[in-house]
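Undergrad: Residue numbers (this note's numbering), protein chains in the order written: chain A, 94 to 216; chain B, 2 to 613. After the structure tokens below, expect a handful of questions from me.
As structure tokens, this is what we get:
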């Protein structure tokens with residue numbers, strides 16, 4: 094009885110955690126893959142210098158440029174421009190591609206600055 | 002072997018090394034790379050103390066220091082020799098971490114000033130957060146040592162449980178306090194509106210904390226039910242190996258693309274991974290070898306008995322820990338694949354919420370039905386109210402809007418007015434009024450006048466907080482002009498004449514300070530100003546000075562070596578900057594104070610439970 098109970102709990106948990114995990118994993122993809130994907134993904138890119146980022150009400154709009162192919166991905170981020178955006182060397186956008194609007198709807202932005210928490214190494 | 006002498010020598014040596022690092026910091030010895038990277042001559046005393054643990058290398062030394070000092074307590078408390086042997090073996094691992102990544106490494110370049118502590122970290126709570134966290138980590142080595150030490154003698158031994166219970170209580174309280182302090186700091190300083198982001202660095206301290214809660218309950222239970230003894234041993238091993246696992250995950254650079262706490266990648270990855278494997282495999286192997294000698298019997302007789310409720314609760318806590326562990330380790334698991342993946346915040350919230358709801362019910366049931374020490378009651382009540390506060394405080398509203406100066410706007414149910422900026426030395430404030438009460442959002446400024454760290458403004462109320470995070474446009478209306486000596490130049494309205502410059506040098510002929518004499522005129526009034534610039538490791542530091550009765554503010558940003566050219570940044574008057582609208586995110590955090598209070602109750606109750 095005890096063993097059955099424990100086994101049932103464990104089996105239930107494995108199924109539960111596995112289901113949640115497979116739903117939530119957001120793979121790291123290129124811009125080309127992001128526009129083809131249906132689920133949530135993470136795209137890494139550089140800031141497109143040819144497009145002036147702007148804030149429209151509670152959305153922040155900018156363009157992401159693929160480091161290798163140079164492809165451009167328009168991004169709409171629900172939120173305000175992150176502080177280190179201008180100094181960023183890499184931007185990771187997490188969200189889904191909206192095929193109708195041809196924009197990437199980002200729920201989260203990770204800004205990669207070389208010196209955010211670690212001090213800059215003295216020259 | 003005389004353990005007292007051994008423990009004293011080890012503690013003395015590590016203390017001496019630590020004091021030496023502090024001496025290097027306080028004497029501004031920038032020939033040591035670590036000092037140059039995290040301290041500077043102008044750092045206030047509190048942050049010079051905390052510069053010790055501002056970086057990776059120093060924080061390992063801090064961990065070692067606390068471990069060695071706790072070791073000194075252990076040797077004087079009649080701790081059995083096998084346990085001491087394990088404890089000092091674990092200390093050896095920490096010594097290897099420190100040696101592999103020494104804070105005493107010489108600086109390859111000569112500098113006269115350090116970079117200084119990141120302004121975000123120049124906060125009281127951030128100064129004490131690392132020592133509290135590392136004290137928690139360090140003390141979790143004690144229950145592991147007592148557990149393995151006891152196994153060497155006899156698998157049936159229960160005498161290790163009482164000292165292990167006390168040490169685990171203290172470690173759990175400290176680690177919890179460290180986590181809560183980190184969350185409070187994030188809320189108060191970072192301005193994104195939350196206190197917990199499920200970032201891998203945060204998760205890597207949460208998992209050992211959850212596991213040590215399991216350890217604590219199992220130790221308690223094992224004192225009454227011998228059959229639980231093997232589980233307590235297993236929990237001790239897993240708890241400490243997860244401490245090291247978290248260190249490995251966050252310090253190895255694997256998470257570089259996934260965590261906002263970008264610890265620069267370093268070579269501690271392999272060392273910590275090996276140490277972790279050693280603790281986990283070694284610990285489990287000893288338990289396995291001794292398995293046949295463990296006491297047998299039933300863990301519980303009836304489902305209504307406390308033992309069952311506790312065991313069920315612990316199983317659920319382990320489930321939560323496994324979920325967080327899986328989530329934070331995804332980048333590592335998928336590293337081998339072509340496209341590594343991470344999980345989003347929703348994963349943690351969605352998967353842990355139902356389990357947390359059951360844990361909430363179990364805690365309420367236990368409080369109502371079972372006998373508990375006063376400390377235990379306080380801690381469990383803290384857990385119950387804390388969970389409730391998490392849910393309630395996140396039910397607030399969040400709105401982002403552009404706020405024009407002086408215009409009242411109704412946002413998230415509050416009357417908000419933005420009323421401009423105030424600048425004081427290296428601080429700038431965005432001033433708001435919320436329902437008639439003034440609140441200020443502090444922005445710390447860099448030496449060159451740029452924003453370095455922007456904090457939110459928080460209006461605290463009994464009903465909860467109103468949280469305002471300003472997102473001002475960058476470098477509003479600043480213009481820069483280059484002045485040539487003796488020539489007249491204009492910025493559109495005012496005229497500038499650069500008369501002369503002075504540069505002072507230190508003994509090694511490096512520039513230290515420069516100043517310029519500049520005549521300013523609007524055609525009617527004329528004024529001579531002498532702006533200064535100090536050379537610092539991050540470029541230069543100069544503050545803006547007001548000219549012609551506050552019509553403009555100017556800042557010297559450079560002087561050529563031949564003193565023929567000066568660069569001047571011209572900023573509009575403060576009133577003009579204040580007139581620019583500022584986009585602000587306004588959110589309400591109902592009853593958030595209950596969360597801080599509950600966190601304090603959890604830590605205090607746990608400490609009170611040390612005395613049974």
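Glycine included, each C-beta is placed from N, C-alpha and C at the ideal position. All of these numbers come straight from a predicted model, not from anything done at the bench.
Between the beta-carbon of residue 557(B) and the beta-carbon of residue 485(B), is there less than 9 Å?
TA: No, the pair does not count as a contact, with Cβ atoms beyond the cut-off.
Undergrad: Beta-carbon of residue 14(B) versus every beta-carbon of chain A: anything under 9 Å?
TA: It does not: the Cβ of residue 14(B) has no partner Cβ on chain A nearer than 9 Å.
Undergrad: Mark residue 510(B) as exposed unless 16 or more other C-beta atoms lie within 10 angstroms of its C-beta, in which case mark it buried.
TA: Under this definition residue 510(B) is an exposed residue.
Undergrad: Give the straight-line distance between the Cα atoms of residue 311(B) and residue 218(B), rounded to the nearest whole angstrom.
TA: Each residue's Cα considered, the two are about 7 Å apart.
Undergrad: If contact means a Cβ-Cβ distance below 7 Å, which residues of the segment 111 to 127 of chain A contact chain B?
TA: Under the 7 Å Cβ criterion, the segment 111 to 127 of chain A contributes 113, 114, 117, 118, 119, 120, 121, 122.
Undergrad: Looking only at C-alpha atoms, which of 402(B), 248(B), 419(B) sits nearest to residue 270(B)?
TA: Among 402(B), 248(B), 419(B), the Cα nearest to that of residue 270(B) belongs to 248(B).
Undergrad: Between residue 261(B) and chain A, is there a C-beta pair that is closer than 9 Å?
TA: The predicted model places residue 261(B) with a pLDDT of 47, which falls under 50 and marks its position as unreliable; any figure quoted below should be read in that light. Closer than 9 Å: yes.
Undergrad: Just the chain A side, please: which residues come within less than 8 Å of residue 327(B) by C-beta, in chain order?
TA: Result: 110, 114.
Undergrad: Excluding five sequence neighbours on each side, which residues of the same chain lie with their C-beta closer than 7 Å to the C-beta of residue 182(B)?
TA: These residues qualify, in order along the chain: 126, 129, 130, 133.
Undergrad: Mind checking whether residue 599(B) and residue 384(B) have CB atoms under 9 Å apart?
TA: Going by C-beta atoms, residue 599(B) is nearer than 9 Å to residue 384(B).
Undergrad: For chain B, find out if any of its Cβ atoms is closer than 9 Å to the Cβ of residue 159(A); answer yes or no.
TA: Taking Cβ atoms only, chain B never reaches closer than 9 Å to residue 159(A), which makes this a no.
Undergrad: Please determine if the segment 348 to 358 of chain B and the segment 224 to 233 of chain B are in contact, where contact requires at least 3 C-beta pairs separated by less than 8 Å.
TA: With a cut-off of 8 Å, the segment 224 to 233 of chain B and the segment 348 to 358 of chain B do not count as touching, because too few Cβ pairs lie within range.
Undergrad: How many Å lie between residue 16(B) and residue 70(B) at the Cα?
TA: Near 8 Å, if we compare the C-alpha coordinates of residue 70(B) and residue 16(B).
Undergrad: How should residue 199(A) be labelled, buried or exposed, when 16 other C-beta atoms within 10 angstroms of its C-beta is the threshold for buried?
TA: So residue 199(A) counts as buried.
Undergrad: For residue 586(B), collect the residues of the same chain with a Cβ closer than 6 Å to its Cβ; drop the 5 residues on either side in sequence, then sort them by chain order.
TA: Answer for residue 586(B): 401, 470, listed in chain order.
Undergrad: Let me check one thing: in DSSP terms, what residues is residue 147(A) bridge-paired to?
TA: Note: residue 147(A) sits in a beta bridge opposite 154(A).
Undergrad: Could you check where the beta strand (DSSP E) with residue 3(B) kicks off and where it finishes?
TA: Note, residue 3(B): premise wrong, no beta strand (DSSP E); not H, not E.
Undergrad: Cβ closer than 8 Å: which chain A residues qualify as neighbours of residue 401(B)?
TA: Residues of chain A passing the Cβ test: 150, 151, 172, 173.
Undergrad: Say whether chain B places a C-beta atom closer than 9 Å to the C-beta of residue 197(A).
TA: No, residue 197(A) lies away from the interface with chain B (no Cβ there is under 9 Å from its Cβ).
Undergrad: Can you give the Cα-Cα distance for residue 88(B) and residue 300(B), rounded to whole angstroms?
TA: Whole-angstrom Cα-Cα distance: 30 Å.
Undergrad: Would the segment 426 to 439 of chain B count as touching the segment 459 to 469 of chain B if we require 3 or more Cβ pairs under 8 Å?
TA: Contact holds: three or more Cβ-Cβ distances are below 8 Å.
Undergrad: Grab me the residues of residue 513(B)'s own chain with a C-beta within less than 6 Å of its C-beta, minus the 5 sequence neighbours each way, in chain order.
TA: Around residue 513(B): 505, 507, 536.
Undergrad: Taking 9 Å as the cut-off, decide whether the C-beta atoms of residue 387(B) and residue 595(B) are in contact.
TA: Yes, the Cβ-Cβ distance between residue 387(B) and residue 595(B) is below 9 Å.
Undergrad: Determine whether the Cβ of residue 607(B) lies closer than 9 Å to any Cβ atom of chain A.
TA: No, because no Cβ of chain A sits closer than 9 Å to the Cβ of residue 607(B).
Undergrad: Are the C-beta atoms of residue 99(A) and some chain B residue less than 9 Å apart?
TA: By this cut-off, residue 99(A) is an interface position.
Undergrad: Is it buried or exposed, residue 67(B), if we count other Cβ atoms within 10 angstroms and call 16 or more buried?
TA: That one is buried.
Undergrad: Where does the unbroken beta strand (DSSP E) through residue 198(A) begin, and where does it stop?
TA: Start and end: 196 to 205.
Undergrad: Could you say which of 107(A), 131(A), 110(A), 119(A) lies nearest to residue 193(A) if we only look at CA atoms?
TA: Closest by alpha carbon: 131(A).
Undergrad: When burial is assigned at 16 or more other CB atoms within 10 Å of the CB, is residue 124(B) buried or exposed?
TA: Residue 124(B) should be labelled buried.
Undergrad: Please specify which runs of the beta strand (DSSP E), each continuous and at least 3 residues long, are wholly inside the segment 425 to 457 of chain B, giving them in chain order.
TA: The qualifying runs are 428 to 435, 438 to 446, 452 to 455.
Undergrad: Under 9 Å between beta-carbons, which chain A residues line up against residue 351(B)? List them in chain order, please.
TA: Correct list: 113, 116, 117.
Undergrad: Spell out whether any CB of chain B is found under 9 Å from the CB atom of residue 144(A).
TA: Chain B contact via Cβ: absent.
Undergrad: Does the beta carbon of residue 155(A) come closer than 9 Å to any beta carbon on chain B?
TA: So no, residue 155(A) is outside the interface.
Undergrad: Just to confirm, are residue 24(B) and residue 40(B) a CB contact at a threshold of 9 Å?
TA: Cβ atoms of residue 24(B) and residue 40(B): not closer than 9 Å.
Undergrad: Taking C-beta pairs closer than 9 Å, name the residues in chain B that residue 187(A) reaches, listed in chain order.
TA: Under the 9 Å cutoff, chain B gives 343, 345.
Undergrad: Nearest to residue 203(B) by CA position, among 75(B), 349(B), 114(B), 110(B), is which residue?
TA: Cα-wise, what sits closest to residue 203(B) is 349(B).
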